[in-house]
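Visitor: Input: one structure, supplied below.
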Amino acid sequence: MIRLLLLIFLTVLPGVMMQAETLSLDSCRARALRNNKQLSMAKVRKDIAINTRKSVRTKYLPHVDLAGGYTYSSRSISLLNDEQQAMLSNMGTAGMQGLKSLIGSQFSPSDIATGSQIVTNILTRMTMNGLITPAEASALQQMGAKLGGLSGVGDILASKIDAAGQSLVDAFNTNTHHIFMASAMLTQPIYMGGAITAANNMADIGEKMSETNIEKTEQEVIYNTDNAYWLVVSLRQKQKLAVSYLDLVRKLNADVHKMIDEGVATKADGLKVDVAVNEAEMTLTKVDNGLSLAKMYLCQLCGMDLESDIALTDENDMPTTTYNAEWYEESKDFSARPELALLSNSIDLTKEKTKLARAGYLPQVALTGGAIFTNPSVYNGFERKFKGAFTAGVLVRMPVLDWGETAYKIRASKNSTRLAELTYDEAEEMISLQVSQCSFKLKEAHKHLATATGDIKSAEENLRCADLGFKEGVMSTTDVMAAQTAWMKAQAEKIDAEIDVKTAEVAMKKATGRLR
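Per this note's numbering, the sequence shown starts with residue 2, numbered consecutively.
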């Protein structure tokens with residue numbers, strides 16, 4: 002029992018493994034939409050448009066920028082020149098030397114040496130002028146007496162003044178060999194002449210165009226897939242017809258050769274039938290090759306391996322379509338055509354570009370604020386410390402003279418709008434003509450199908466009569482072959498008419514933008 006089940010399994014398994022994959026029209030569409038590279042690129046472009054729109058939205062919001070830096074300089078910035086620095090550093094010594102020269106011309110050296118009265122007079126005048134206090138004057142007089150009179154006091158004053166001058170020189174030393182800087186700046190646009198609004202509108206239009214482009218690409222993919230699908234169905238039907246015709250011709254060939262053996266037919270009749278068999282076999286070979294190529298193309302559209310063995314659900318029973326004149330007249334509305342939507346968006350886009358260019362005439366206002374920190378700082382002399390200050394202000398920019406640049410941009414943008422409108426009108430006329438042609442072809446395809454269906458009945462009856470007459474001996478081999486050829490032609494015409502109806506419907510839906 003186990004051996005019997007194993008044998009059955011091994012016998013059935015190859016047939017199961019080699020069974021063709023059955024695909025419907027909807028499944029082929031779904032596979033093609035997933036596989037198409039152009040559609041994938043269109044979706045990527047939509048993502049780009051979405052992120053661009055989000056990026057432009059941020060122009061309404063305040064922006065904060067941080068900056069920092071370090072600079073090394075081989076020389077330090079000096080607010081005093083070399084002569085001024087030397088003068089301040091030796092200010093006390095030079096002053097005392099001049100004072101001593103003045104006093105030496107009026108007093109004797111012994112008086113200058115002792116100098117008690119002179120010192121007293123000088124200190125008294127300094128006290129009266131508020132330069133020193135009485136206590137400081139008394140201390141200086143006592144110190145002068147200890148140090149040897151006027152010369153000792155002058156030396157002390159000179160050193161003190163020199164020190165004060167040197168400290169002033171040091172205070173003006175910027176020490177800018179190493180400069181550190183840090184800042185934070187905030188900018189909030191208030192009015193940009195409508196430029197930000199126009200840029201946002203352009204971003205919105207760009208996103209709509211990307212969505213419409215996806216829809217347009219999807220319709221193109223579906224259109225190509227449907228045509229490839231019905232081509233395979235057509236060739237499959239013609240393959241069956243070629244096999245049936247070959248069987249008819251082979252049967253006739255067998256009957257004629259029997260008749261030749263019995264002496265009731267000539268060799269010429271046999272040769273005619275042999276030629277017909279060869280032609281039927283050649284026709285079947287061509288159909289087989291065409292069917293293989295058509296399947297490869299459909300597999301390529303669906304993202305399948307080109308050698309995949311596939312079968313279509315409509316290969317055996319093609320769905321019939323009845324002509325509905327009212328529906329087809331209503332379907333002539335092509336306002337949903339994605340190409341027109343894209344052209345309409347292009348017109349809107351050029352109008353926004355005009356607004357963007359016009360913003361060059363208008364003032365721009367923005368709020369600014371921030372904080373700047375430097376080392377060395379200048380808020381308390383020159384200090385090697387990080388110190389800074391906060392700032393706030395209003396920035397106003399008003400264009401005055403641009404030599405007509407903005408005016409030229411506006412004119413160019415308006416001409417672009419006019420060009421886009423003319424392109425839209427031309428496309429609308431061409432699409433209207435295309436819809437009329439598709440409607441005409443669809444009506445013609447239905448008439449052709451009705452005629453081909455009627456011809457099938459006549460051809461079948463003619464073939465039946467020819468076969469009967471041949472058997473009765475009242476009709477020749479040529480008459481039978483002519484009837485078989487007419488039958489095959491009628492069958493092929495019916496297949497072509499059915500496929501023409503399907504492809505014409507697809508073309509009509511695409512022309513009106515309703516292919517889904």
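We put the beta carbon where it would ideally sit given N, CA and C, even for glycine.
What are the uninterrupted segments assigned as beta strand (DSSP E) that are 3 or more residues long and contained completely in the stretch 35 to 67, given in chain order?
Guide: List check, beta strand (DSSP E) in window: nothing returned.
Visitor: Please look up how many angstroms separate the CB atoms of Ile51 and Glu208, rounded, as I've assumed it's under 8 Å.
Guide: The Cβ separation is near 6 Å, so the contact holds.
Visitor: On the DSSP bridge list, what partners appear for Gln189?
Guide: Its beta-bridge partners are Leu368.
Visitor: For the beta strand (DSSP E) containing Gly264, list its first residue and its last residue.
Guide: Gly264 -> no beta strand (DSSP E), and no H or E assigned at all.
Visitor: With a CB to CB cut of under 6 Å and the five nearest residues on each side skipped, what residues in its chain are close to Gly389?
Guide: Excluding sequence neighbours, Gly389 sits near Ala372, Ile373 and Phe374.
Visitor: How many angstroms separate the CA atom of Leu67 from the CA atom of Ala393?
Guide: One C-alpha to the other measures close to 16 Å.
Visitor: Using only the alpha-carbon positions, how far apart do Gly470 and Val507 sit?
Guide: Each residue's alpha carbon lies about 45 Å from the other.
Visitor: Report the rounded CA-to-CA distance for Val481 versus Glu473, giving the unit in angstroms.
Guide: When rounded, the distance between both Cα atoms is 12 Å.
Visitor: Roughly how many angstroms separate the alpha carbons of Thr218 and Gln39, rounded to a whole number?
Guide: Computed Cα separation, rounded: 7 Å.
Visitor: What residue range is occupied by the uninterrupted alpha helix (DSSP H) comprising Ala453?
Guide: Here the alpha helix (DSSP H) through Ala453 covers Glu406 to Glu473.
Visitor: Would you mind stating whether Gly69 and Leu187 have Cβ atoms separated by less than 8 Å?
Guide: Going by C-beta atoms, Gly69 is not nearer than 8 Å to Leu187.
Visitor: Roughly how many whole angstroms lie between the Cα atoms of Tyr298 and Phe335?
Guide: Their Cα atoms are separated by approximately 30 Å.
Visitor: Between the stretch 361 to 370 and the stretch 191 to 198, do three or more beta carbon pairs fall short of 8 Å?
Guide: Counting Cβ pairs under 8 Å, three or more are found: they touch.
Visitor: I need the boundaries of the beta strand (DSSP E) containing Ala312, first residue and last residue.
Guide: From DSSP, the beta strand (DSSP E) with Ala312 extends over Ile311 to Leu313.
Visitor: Report the three-state DSSP secondary structure of Ile180 (helix, strand or coil).
Guide: Of the three classes helix, strand and coil, the one that applies to Ile180 here is strand, per DSSP.
Visitor: What is the rounded straight-line gap between the Cα of Lys511 and the Cα of Leu443?
Guide: Roughly 13 Å separates the two Cα atoms.
Visitor: Using the C-alpha atoms, what's the distance from Ile206 back to Met283?
Guide: Looking at the two C-alpha atoms, the distance is approximately 57 Å.
Visitor: Please classify Phe391 as buried or exposed, where buried requires at least 16 neighbouring CB atoms within 10 angstroms.
Guide: So Phe391 counts as exposed.
Visitor: Roughly how many angstroms separate the alpha carbons of Glu494 and Ser459, rounded to a whole number?
Guide: Computed Cα separation, rounded: 13 Å.
Visitor: Note down the Cα distance separating Glu461 from Gly304, rounded to an integer number of angstroms.
Guide: Approximately 42 Å, taken between the alpha carbons.
Visitor: Starting from Val395, trace the beta strand (DSSP E) in both directions and tell me its first and last residue.
Guide: Note, Val395: beta strand (DSSP E), Lys388 to Arg398.
Visitor: Can you list, in chain order, the residues of its chain with a C-beta nearer than 6 Å to that of Ala183? Leave out the 5 residues immediately preceding and following it.
Guide: Answer for Ala183: Gly69 and Phe374, listed in chain order.
Visitor: Can you check which of these residues, Asp306, Leu343, Ser211 and Ser293, is closest to Thr53 by C-alpha distance?
Guide: Checked all of Asp306, Leu343, Ser211 and Ser293; the closest Cα to Thr53 is Ser211.
Visitor: Cβ of Thr418 within 8 Å of Cβ of Gly361?
Guide: No, Cβ-Cβ distance for Thr418 and Gly361 is not below 8 Å.
Visitor: Are the Cβ atoms of Glu422 and Ala199 separated by less than 8 Å?
Guide: No.
Visitor: So, are the CB atoms of Leu350 and Thr213 less than 8 Å apart?
Guide: It is not a contact, given that the beta carbons lie outside the stated cut-off.
Visitor: Could you tell me whether the stretch 236 to 245 touches the stretch 283 to 294, where touching means 3 or more Cβ pairs closer than 8 Å?
Guide: Touching, yes.
Visitor: May I ask you to report which of helix, strand or coil DSSP gives Thr23?
Guide: Note: Thr23 maps to strand in three-state DSSP.
Visitor: Check Ile373 in the structure and name its three-state DSSP category.
Guide: DSSP places Ile373 in strand when its eight states are reduced to three.
Visitor: With respect to the alpha helix (DSSP H) encompassing Thr518, which residues constitute its N-terminal and C-terminal limits?
Guide: With the chain represented from 2 up to 517, any question about residue 518 goes unanswered, as that position is not in the structure.
Visitor: Please confirm if Tyr224 has its CB atom under 8 Å from at least one CB of chain C.
Guide: Structure shown: chain C not included; a single protein chain is present.
Visitor: Three-state secondary structure (DSSP) at Ser79?
Guide: Reduced to three states, the DSSP call for Ser79 is strand.
Visitor: Who does Glu384 pair with in a DSSP beta bridge?
Guide: Answer by DSSP bridge pairing, in chain order: Ser378.
Visitor: Tell me which same chain residues have a C-beta within less than 6 Å of the C-beta of Tyr409, skipping the five on either side of it?
Guide: Around Tyr409: no qualifying Cβ.
Visitor: Hey, how far is the Cα of Arg517 from the Cα of Glu316?
Guide: Cα to Cα, Arg517 sits roughly 22 Å from Glu316.
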